[in-house]
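Residue numbers (our numbering): 355 to 691.
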């Protein structure tokens, strides 16, 4: 009898112990994963607002178990330092353009090269190709998972006080560019004299004649009021502004399949909303700029395409013939559209 009673007590003790262990495990599993999302875009910009909405939906749909906090305006490390946080396996999501991903997989930078895309749809279709899928696999091997690369912020054009149609019109013009060799090489090939200048100094730089203009999107021209000192936009489309959203594969594997699906779905929905709003704002801001006295003109795109083709040969880390490879993909895309 004593032996039987002892056995019952021991079994009960074990069951209680298992229950406590299960409870502790459940509590640990239910603890939210807190993640910082860092980007250079300001709080009020379209892309930032779309990412805030997407991360809010992720938090809501996961009952707070995936808590992504958005830090815009460079509050946290951005650019190269942003990607390094991801590579180091931090609880971190980096939002940067493809050129920074090119530090790890060089051909990604070529996808952000000059004179590639005619429409937003062409870029989105390019991101769905097997070619880009292969680059994403290489990035993951380097410690960077590309969650989404469909976020755009517009084509970049020439913003000056004169009509630019061809390279002769750009000769000797000092055009403000970011401190990027890709931008410098591209503007030089187009005939300009690129000048690196901090963006906050650009308005005064144009006003005082330090530079003759800048390059940027319709949204940039309107939101920064640069139209007050530069009254012409030549529609070169020399670059398309895009960003990728990157996370550590190690961090990604901490999510359940359901959480991963929710993250993917909401980031995709955010990208679609961003594109739709971008198309709308392009039209709306063009009309507003025209009312403010800005003139728009088309350019000799064929000439600029030819002049900038050699830019793709100026980066030794890019694959040989990368421009031809990308253009072949685009030809297939255009034939299907």
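A virtual CB, placed ideally from N, CA and C, is assigned to each residue, including glycine. Remember, it's a predicted structure, so these values are computed and weren't measured experimentally.
(request) Verify whether the separation of the beta carbon atoms of residue 543 and residue 662 is less than 8 Å. (result) As a first step, residue 543 is located in the chain shown; it is residue number 189 there, counting from the start. As a first step, residue 662 is located in the chain shown; it is residue number 308 there, counting from the start. In terms of Cβ geometry, residue 543 and residue 662 form a close pair [threshold 8 Å].
(message) Along the chain, where does the alpha helix (DSSP H) containing residue 492 start, and where does it finish?
(response) If you number the chain shown from 1, residue 492 lands on position 138. Residue 492 -> alpha helix (DSSP H) spans 484-495.
(request) Starting from the Cα of residue 467, find the closest Cα among 497, 509, 558 and give me that residue. (result) As a working mapping, residue 467 is identified with position 113 in the chain shown. Among 497, 509, 558, the Cα nearest to that of residue 467 belongs to 509.
(message) Can you tell me whether residue 625 is buried or exposed? The criterion is at least 16 other CB atoms within 10 Å of its CB, across all chains shown.
(response) Counting from one through the chain shown, the residue named residue 625 turns up at place 271. Classification for residue 625: buried.
(request) For residue 610, count neighbouring C-beta atoms within 10 Å of its own C-beta (all shown protein chains included) and say buried if the count is 16 or more, exposed if not. (result) Within the chain shown, residue 610 is the residue found at index 256, counting from 1. With fewer than 16 other Cβ atoms within 10 Å, it is exposed.
(message) Check this for me: beta carbons of residue 512 and residue 477, under 8 Å apart or not?
(response) The residue you call residue 512 lines up with position 158 of the chain shown. The residue you call residue 477 lines up with position 123 of the chain shown. Between residue 512 and residue 477, the gap from beta carbon to beta carbon reaches 8 Å or more.
(request) Closer than 7 Å by C-beta to residue 657: which residues in its own chain qualify, once you throw out the five before and the five after it? Chain order, please. (result) Here the question's residue 657 lines up with position 303 in the chain shown. So the list reads 520, 521, once near-sequence residues are dropped.
(request) In the DSSP assignment, find the alpha helix (DSSP H) that holds residue 559 and state where it starts and stops. (result) Looking up residue 559 in the chain shown gives position 205. Residues 556-561.
(message) Would you call the region 638-653 in contact with the region 413-433, where contact means no fewer than 3 C-beta pairs closer than 8 Å?
(response) no
(request) Pull up the distance between the alpha-carbon of residue 474 and that of residue 584, whole angstroms please. (result) The residue given as residue 474 occupies position 120 in the chain shown. The residue given as residue 584 occupies position 230 in the chain shown. Roughly 26 Å between the two C-alpha positions.
(request) Please name the residue, chosen from 540, 472, 681, 564, that lies closest to residue 665 on a Cα-to-Cα basis. (result) As a first step, residue 665 is located in the chain shown; it is residue number 311 there, counting from the start. Measuring from the Cα of residue 665, the nearest candidate turns out to be 540.
(request) Going by CA-CA distance only, name the one from 588, 387, 673 that's closest to residue 649. (result) Locating residue 649 in the chain shown gives position 295, counting from the first residue. Checking every option, the nearest Cα to that of residue 649 belongs to 588.
(message) Counting beta carbon pairs with one atom in the region 559-577 and one in the region 481-498, are three or more of them shorter than 8 Å?
(response) Contact between the region 481-498 and the region 559-577 is absent: fewer than three C-beta pairs spanning the two stretches fall below 8 Å.
(message) What does the Cβ neighbour count give for residue 689, buried or exposed, with the cut at 16 atoms within 10 Å?
(response) Walking along the chain shown from the start, residue 689 turns up at place 335. The residue is exposed, with fewer than 16 neighbouring Cβ atoms inside 10 Å.
(request) Pull up the distance between the alpha-carbon of residue 598 and that of residue 672, whole angstroms please. (result) The count along the chain shown starts at 1 and reaches residue 598 at position 244. The count along the chain shown starts at 1 and reaches residue 672 at position 318. Going by the C-alpha atoms only, they are around 19 Å apart.
(request) On a CA-only basis, which of 445, 607, 470 is nearest residue 659? Give me that one, please. (result) If you number the chain shown from 1, residue 659 lands on position 305. Of 445, 607, 470, the residue nearest in Cα terms is 470.
(message) Tell me the rounded alpha-carbon separation between residue 560 and residue 620.
(response) Residue 560 sits at position 206 when you count from the first residue of the chain shown. Residue 620 sits at position 266 when you count from the first residue of the chain shown. In a straight line, the C-alpha of residue 560 is about 40 Å away from that of residue 620.
(request) Can you have a look at residue 386 and say buried or exposed, based on whether 16 or more other CB atoms are within 10 angstroms of its CB? (result) Here residue 386 refers to the residue found at position 32 when the chain shown is read from its first residue. Counting Cβ neighbours within 10 Å, residue 386 comes out exposed, since fewer than 16 surround it.
(message) Quick test of your reading: residue 463 and residue 456, contact by CB under 8 Å. State the CB separation rounded to the nearest angstrom.
(response) Sequence index remark: in the chain shown, residue 463 carries index 109 (1-based). Sequence index remark: in the chain shown, residue 456 carries index 102 (1-based). Contact between residue 463 and residue 456 holds, with the beta-carbon distance rounding to 3 Å and staying under 8 Å.
(request) Taking all protein chains shown into account, decide if residue 604 is buried (16 or more other Cβ within 10 angstroms of its Cβ) or exposed. (result) Against the chain shown, residue 604 aligns to sequence position 250. With fewer than 16 Cβ atoms within 10 Å of its Cβ, residue 604 is classed as exposed.
(request) Under the assumption that residue 480 contacts residue 465 (Cβ atoms under 8 Å), give the Cβ distance between them as a whole number of angstroms. (result) Start at 1 with the first residue of the chain shown, and residue 480 comes out as number 126. Start at 1 with the first residue of the chain shown, and residue 465 comes out as number 111. About 7 Å separates the two Cβ atoms, so the contact holds.
(message) Tell me the residue span of the beta strand (DSSP E) that contains residue 508.
(response) For the purposes of this step, residue 508 is taken as residue 154 along the chain shown, with counting starting at 1. Following the DSSP letters along the chain, one finds residue 508 inside the beta strand (DSSP E) bounded by residues 499-514.
(request) Using the Cα positions of residue 493 and residue 555, report the straight-line distance between them to the nearest angstrom. (result) Along the chain shown, one-based indexing puts residue 493 at 139. Along the chain shown, one-based indexing puts residue 555 at 201. Spanning the two alpha carbons is a distance of roughly 35 Å.
(message) Let me make sure I understand the geometry here. Which of 538, 607, 651 has the alpha-carbon closest to that of residue 593?
(response) One-based indexing of the chain shown puts residue 593 at position 239. The option with the nearest alpha carbon to residue 593 is 538.
(request) Report yes if the C-beta distance between residue 516 and residue 545 is below 8 Å; otherwise report no. (result) Mapped onto the chain shown, residue 516 falls at position 162. Mapped onto the chain shown, residue 545 falls at position 191. Contact annotation: residue 516 and residue 545 have beta-carbon atoms that are not nearer than 8 Å.
(message) Distance check for residue 389 and residue 646, CA to CA, integer angstroms please.
(response) Taking the first residue of the chain shown as 1, we reach residue 646 at position 292. Taking the first residue of the chain shown as 1, we reach residue 389 at position 35. Between residue 646 and residue 389, the C-alpha separation is close to 42 Å.
(message) When you compare the CB positions of residue 693 and residue 531, do they come within less than 8 Å of one another, or not?
(response) Here the chain covers residues 355 to 691 and nothing more, so residue 693 does not appear.
(request) Reducing DSSP to helix, strand and coil, say where residue 434 ends up. (result) Numbered from its first residue, the chain shown carries residue 434 at position 80. Residue 434: helix per DSSP, three-state reduction.
(request) Sort 458, 534, 600 by Cα distance to residue 450 and report the nearest one. (result) By 1-based counting over the chain shown, the position of residue 450 is 96. The shortest C-alpha separation from residue 450 is found at 600.
(request) Report the option in 568, 419, 437 whose CA atom is closest to the CA atom of residue 613. (result) Reading the chain shown from its first residue, position 259 is the one you call residue 613. Looking at the Cα atoms, 419 is the closest of the given residues.
(request) Tell me, please, which residues DSSP counts as bridged to residue 649. (result) Position 295 of the chain shown, counting from 1, holds the residue named residue 649. Its beta-bridge partners are 586.
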